[in-house]
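Just below is one structure, and these are the notes that go with it.
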Amino acid sequence: MALIKSISGIRGTIGGKPGENLTPLDIVKFSAAFGTWIKESVSHSKKIVIGRDGRISGEMVRNLVVSTLTGLGLDIHDLGLSTTPTVEMAVLGEKAAGGII
0 MALIKSISGI RGTIGGKPGE NLTPLDIVKF SAAFGTWIKE SVSHSKKIVI GRDGRISGEM
60 VRNLVVSTLT GLGLDIHDLG LSTTPTVEMA VLGEKAAGGI I
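Heads up, the sequence shown is in numbering that gives the first Met the number 0, so the first residue is 0 and it goes up one at a time.
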């Protein structure tokens, strides 16, 4: 599966070449871009809600995202294994700046 970037998110197969599939380098780059945008654009909160799916790569992706966003000085609320609607509701409930699943 090729790397797919759309308004609803980023999807791809884990591994392979950066820019073609979803590699650890791509995950860090996308997370850093999102975190930088939050820091520069959102004034009410620096909290990001994250969740993950049940795929075997979920923990690895979570660790890369958390490390990248924490390194940028953002606060993380990690829901663990979650659905997209759960993350969405947590963003609203926590008055967070955004969410990633």
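C-beta atoms are modelled at their ideal positions from N, C-alpha and C, and glycine is treated no differently. Keep in mind the model is a prediction, meaning the values are calculated, not measured.
Check                                                                                      : Outcome
Those residues which DSSP pairs with His-43 across a bridge                                : BP columns for His-43 are empty, so no partner.
Pairwise C-alpha distance: Pro-17 and Leu-24                                               : 7 Å
Residues near Gly-50 by beta carbon distance below 6 Å, same chain, minus five either side : Leu-78, Ser-81, Val-86 and Ile-100
Limits of the unbroken beta strand (DSSP E) element including Leu-80                       : 74 to 80
8 Å Cβ cutoff met for Val-27 and Thr-67                                                    : yes
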